[in-house]
Amino acid sequence: MKAFTDPGDVVFDPFLGSGTTMAAAHVLDRASYGCEISPAYCDVILRRIEHLAETEPVLAETGEKFREVAAGRGVSAVEGADLRQRDSKSIRRKPNGMPCYGAKGKP
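Quick note: the sequence shown uses our numbering, first residue 23, plus one each step.
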């Protein structure tokens, strides 16, 4: 990011994951935008940014604070919440109906 952008530039990450790109953008004085499909990882990202920016994130669309949004979804806003319980579903079949196999050849 440092090699291809300057302070004040805008950075976009279409797959935020745990928010590393957004966190780096904040540290390097870049504006950042991104998308993440998993609500649990959105929570992780918001916690990271909240810690770095020292301010509670606000949902631009409604003005709700992070903790209000999390509570409305029935998700803990407490740091260290177990992501595996909230955001993991066992995938047993591919979209074409064929079974998925693990490392040991078992579905």
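Quick reminder that beta carbons are idealized off the backbone N, C-alpha and C, glycines included.
In this text, all values refer to a predicted model and were calculated from it rather than measured experimentally.
Beta carbon proximity, residue i to chain B, threshold 8 angstroms
{"i": "residue 95", "result": "In the displayed structure, chain B is absent; only one protein chain is listed."}
Nonlocal neighbours in the same chain, by C-beta distance under 6 angstroms from residue i, ignoring five residues either side
{"i": "residue 58", "result": "38 and 64"}
Supposed contact pair residue j and residue i - C-beta distance, whole angstroms, cut 8 angstroms
{"i": "residue 81", "j": "residue 91", "result": "6 angstroms"}
Nearest candidate by alpha-carbon position, reference residue i, set the options
{"i": "residue 24", "options": "34, 40, 52 and 67", "result": "52"}
{"i": "residue 95", "options": "27, 62 and 26", "result": "62"}
Pair within 8 angstroms by beta-carbon distance, residue i and residue j
{"i": "residue 134", "j": "residue 43", "result": "Missing from the structure shown is residue 134; the chain here goes from 23 to 129 and no further."}
{"i": "residue 33", "j": "residue 74", "result": "no"}
{"i": "residue 47", "j": "residue 54", "result": "yes"}
{"i": "residue 45", "j": "residue 70", "result": "yes"}
Chain-order list of residues whose beta-carbon lies under 8 angstroms from that of residue i (same chain, five-residue window excluded)
{"i": "residue 72", "result": "78, 79 and 88"}
{"i": "residue 86", "result": "80 and 94"}
Residues bridged to residue i [DSSP beta-bridge criterion]
{"i": "residue 80", "result": "87"}
{"i": "residue 54", "result": "33"}
Neighbourhood of residue i by C-beta, 7 angstroms cutoff - its chain only, sequence neighbours within 5 removed
{"i": "residue 27", "result": "33 and 52"}
{"i": "residue 67", "result": "38, 40, 41, 44 and 58"}
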